[in-house]
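As C-alpha cells, the structure follows; a few thoughts come after it.
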Amino acid sequence: MGFLIGKRILITGVASKLSIAYGIANAMHKQGSELAFTYQNNKLKPRVEEFAASLDSNIVIECDVSNDGSIISLFSELQKTWSKFDGFVHAIGFAPTDQLNGDYIDAVTRDGFRIAHEVSSYSFVAMAKSCREMLNKNASLLTLTYLGAERAVPNYNVMGLAKASLEANVRYMANAMGPQGIRVNAISAGPIRTLAASGIKNFRKMLAHYDVVTPIRRAINIHDIGNSAAFLCSNLAAGITGEIIHVDGGFSIAVMSE
Ligand code: NAD
Numbered sequence: 017m018g019f020l021i022g023k024r025i026l027i028t029g030v031a032s033k034l035s036i037a038y039g040i041a042n043a044m045h046k047q048g049s050e051l052a053f054t055y056q057n058n059k060l061k062p063r064v065e066e067f068a069a070s071l072d073s074n075i076v077i078e079c080d081v082s083n084d085g086s087i088i089s090l091f092s093e094l095q096k097t098w099s100k101f102d103g104f105v106h107a108i109g110f111a112p113t114d115q116l117n118g119d120y121i122d123a124v125t126r127d128g129f130r131i132a133h134e135v136s137s138y139s140f141v142a143m144a145k146s147c148r149e150m151l152n153k154n155a156s157l158l159t160l161t162y163l164g165a166e167r168a169v170p171n172y173n174v175m176g177l178a179k180a181s182l183e184a185n186v187r188y189m190a191n192a193m194g195p196q197g198i199r200v201n202a203i204s205a206g207p208i209r210t211l212a213a214s215g216i217k218n219f220r221k222m223l224a225h226y227d228v229v230t231p232i233r234r235a236i237n238i239h240d241i242g243n244s245a246a247f248l249c250s251n252l253a254a255g256i257t258g259e260i261i262h263v264d265g266g267f268s269i270a271v272m273s274e
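Just so you know, the sequence shown maps onto residues 17 to 274 in this note's numbering.
Quick look at the structure:
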C-alpha cells in the first residue's frame, strides 16, 4: 500500500528527466499519489505532457511564476478537475546567468537581485496565496533549497540570498498555514547535475568536492530527493512543519575528508 494513496499533488518545475521535480513525481506516483503538472512555457509543454502521461496524469497546465495572472489562471484551470487538493511541490529557481559567475559584489545587480528573489522565493508564497482555499486539511507544501542559503558558495552568489529568503518564507508560511492544518517544508538538496545547475559556473568542481567530503561518499540523486519529498508530503510527516531538511548525504555537517 502506497503511503500517498488518496492524495492529489501538483508538481511544478519539470523541465527534463534530470529535473529534481521529475524524481519527486516518480516517487510520489510509486506511493499512489494522483498528480497534476505545470510547465513554464510552450517549449516545455509537449515534454511535460509526455512525462505526465507516463505517470497516469492528463492534468498539465501552463504557469510562469513571474506573472501573477499566470498563477491565478493555473488554479482556476486546476479547479475544473480538482476542486480540492493536498499540496504542491515548488521546484522552481532562476537567476540570470550573469549573476551566477564570479565575484559576488561585481556580479550582483538590482535587476538580478529582484528576478532571483521574485522567481525563486516570492513565487512559493504567491502560489500558496492563490490556492489556499483549495487545499485540504493535512495538505503539505514543499520547496527546494540549497546550502548556498546558509554558506557562501562560490558563484552561487545572489541565488544564495534568494534561497535564504525562500527558507524564511517556509517558516512564515508554516506559521500562517499551520492553524488551517497545512504543513510547509523545504528540502535542501545536495548538488545534482540538472539544467538549472548547469548555469552555475564551476558546478563540476562543486560536485567533485562534494563526492570527497560527503559522509555517505556518493552523489545524491533525484530518487533520494523524490523519496524524501514523498515522505514529507504524506501523513507520515504529520508532525513536521517549517523545517529545512538536508537531503545531501550529510555534506552540510562535514568539514573535510580524511
Ligand atoms: P531544472 O532546470 O530541472 O528545474 C528548474 C525548473 O524551474 C524548470 O522546470 C523551469 O521551467 C522552472 N522555472 C524557472 N523559472 C520559472 C518561471 N518563471 N515560472 C515557472 N517555472 C520556472 O533544475 P532543478 O535543479 O531540478 O531545480 C529545481 C529546484 O531545485 C530549484 O529551485 C533549484 O534551485 C533547486 N535545487 C537544485 C539543486 C541542484 O543541484 N540541481 C540543489 C539544491 C536545490
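Just so it is clear, CB atoms sit at the ideal spot from N, CA and C, and this is done for glycine as well.
Query, Result
"Given Gly40 as reference, the closest of Glu65, Glu149, His106 once Cα atoms are compared", "Strictly speaking, residue 40 in this sequence is Ile, with Gly absent from that position. It is His106 whose Cα lies nearest to the Cα of Ile40."
"Same chain, Cβ closer than 7 Å to Val174, five either side skipped, listed in chain order", "Ala111, Gln115, Val124, Gly128, Phe129, Ala132"
"heavy atom of the ligand NAD below 6 Å from Gln56 C-beta", "yes"
"Cβ distance (whole Å) where Leu248 is taken to contact Asn201 below 8 Å", "5 Å"
"Simplified DSSP assignment, three categories, for Lys221", "helix"
"Rounded C-alpha distance that separates Leu223 from Val229", "10 Å"
"Start and end residues, beta strand (DSSP E) containing Lys102", "Here residue 102 turns out to be Asp, not Lys, going by the sequence shown. Run containing Asp102: 101-106, per the beta strand (DSSP E) assignment."
"Residues near the ligand NAD, criterion Cβ-heavy atom distance below 5 Å", "Gly29, Ala31, Ser35, Ile36, Gln56, Asp80, Val81, Ser82, Ala107, Ile108, Gly109, Phe110, Val135, Leu160, Tyr162, Ala205, Pro207, Ile208, Thr210, Leu211, Ala212, Ala213"
"Whether Val278 touches Glu93 by CB criterion (7 Å)", "With the chain covering only 17 through 274, there is no way to say anything about residue 278."
"Classification of Leu252 by the beta-carbon crowding that lies within 10 angstroms, buried from 16 upward", "exposed"
"Contacting residues, own chain, Cβ-Cβ under 8 Å from Ile256 (five flanking each side not counted)", "Arg199, Asn201, Leu248"
"Euclidean distance between Cα positions of Ile21 and Tyr188", "29 Å"
"Nearest residue (CA-CA) to Lys217, options Tyr172, Ile236, Pro195", "Tyr172"
"Status (buried if at least 16 other CB within 10 Å, exposed otherwise) for Val263", "buried"
"Beta-carbon contacts of Gly18 that lie in its chain and below 6 Å, excluding the five residues immediately before and after", "Gln47, Gly48"
"Strand pairing of Val49, partner residues [DSSP]", "Per the sequence shown, the amino acid found at residue 49 is Ser instead of Val. Partner(s): none; Ser49 has no beta bridge."
"Same chain, Cβ closer than 8 Å to Ser86, five either side skipped, listed in chain order", "Glu78, Cys79, Asp80"
"Span of the beta strand (DSSP E), counted from its first residue to its last, around Arg24", "24-27"
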